[in-house]
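Numbering (our numbering), first residue to last: -18 to 85.
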């Protein structure tokens, strides 16, 4: 039996959710899955956060980050270059912080 990418992601997430936790770290949780599965994973993330679980999402998808985050830390070249609240974040600002800075 083979599962689609989205169903594989949900199965793995379901396995982790069966264990008690205070913090959940997700690395690219929706990469390569269809829109329907993404919506389901976003709902799970939202529900976990509403239940008081700290959910840390690492993602290169700016729209995803802006859509599911309360607070966004931006990194470039291994260093944190900015911290924004959801209402401060827009695509232009995130890209500005994420792109490597040229040195004079």
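By construction, the Cβ of each residue, glycine as well, lies at the ideal position given by its N, Cα and C atoms.
Just so it is clear, the structure is predicted and the values come from calculations on it, not from any experiment.
Local conformation of residue 56 per DSSP, three classes:
strand
Along the chain, where does the alpha helix (DSSP H) that runs through residue 70 open and close?
Segment: none, residue 70 is in no alpha helix (DSSP H) and carries neither H nor E.
Going by Cα to Cα distance, which pick from 56, 43, 80 is closest to residue 71?
43
What would DSSP say about residue 64, mapped onto helix, strand or coil?
strand
Could you check whether the stretch 28 to 40 touches the stretch 61 to 71, counting it as contact only if at least three pairs of C-beta atoms, one from each stretch, sit closer than 8 Å?
no
Could you tell me the distance, in whole angstroms, from the CA atom of residue 56 to the CA atom of residue 78?
7 Å
3-residue-minimum beta strand (DSSP E) runs that sit fully inside the stretch -18 to 16, ordered along the chain:
4 to 8
Taking all protein chains shown into account, decide if residue -7 is buried (16 or more other Cβ within 10 angstroms of its Cβ) or exposed.
exposed
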